[in-house]
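Going left to right, the sequence shown walks through residues 53 to 134 as our numbering numbers them. Everything below concerns the one structure shown next.
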Amino acid sequence: MLDKSEIYSRFKERNKEHFFRLLFPFSKEENAEIAKEVIRLCALLSDKYLDYFEEYDFLIEEAQKHQDVSSTDTMTILKKNH
Numbered sequence: 053m054l055d056k057s058e059i060y061s062r063f064k065e066r067n068k069e070h071f072f073r074l075l076f077p078f079s080k081e082e083n084a085e086i087a088k089e090v091i092r093l094c095a096l097l098s099d100k101y102l103d104y105f106e107e108y109d110f111l112i113e114e115a116q117k118h119q120d121v122s123s124t125d126t127m128t129i130l131k132k133n134h
């Protein structure tokens, strides 16, 4: 039987997967545009708020999976700010 922390962890993973399926449900090109905007908006977050936004790394990681190769400008912004 699963303990409380294991249940919480599995629930959190399922919710994360569901959220990403909803966030990127379109064509490759449309998802690339959404990913570009997600990365741009995350880059605008002030460092003082990152401690309160634990989903930040997951969101960036998923957005990078959908990112178009030509959108390196957003990655430059992200790397420069963090």
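No residue lacks a Cβ here, since even glycine has one placed at the ideal position from N, Cα and C.
{"Query": "Are Q116 and I91 touching if we call contact CB-CB under 9 Å?", "Result": "yes"}
{"Query": "So what does DSSP say about F63, is it helix, strand or coil?", "Result": "helix"}
{"Query": "Nearest CA to the CA of K88: which residue from K80, K56, E106, Q119?", "Result": "Q119"}
{"Query": "Name the two residues that bound the continuous alpha helix (DSSP H) containing Y101.", "Result": "99 to 102"}
{"Query": "For F105, collect the residues of the same chain with a Cβ closer than 7 Å to its Cβ; drop the 5 residues on either side in sequence, then sort them by chain order.", "Result": "L97"}
{"Query": "What residue range is occupied by the uninterrupted alpha helix (DSSP H) comprising F105?", "Result": "That residue, F105, is in no alpha helix (DSSP H); it is neither H nor E in DSSP."}
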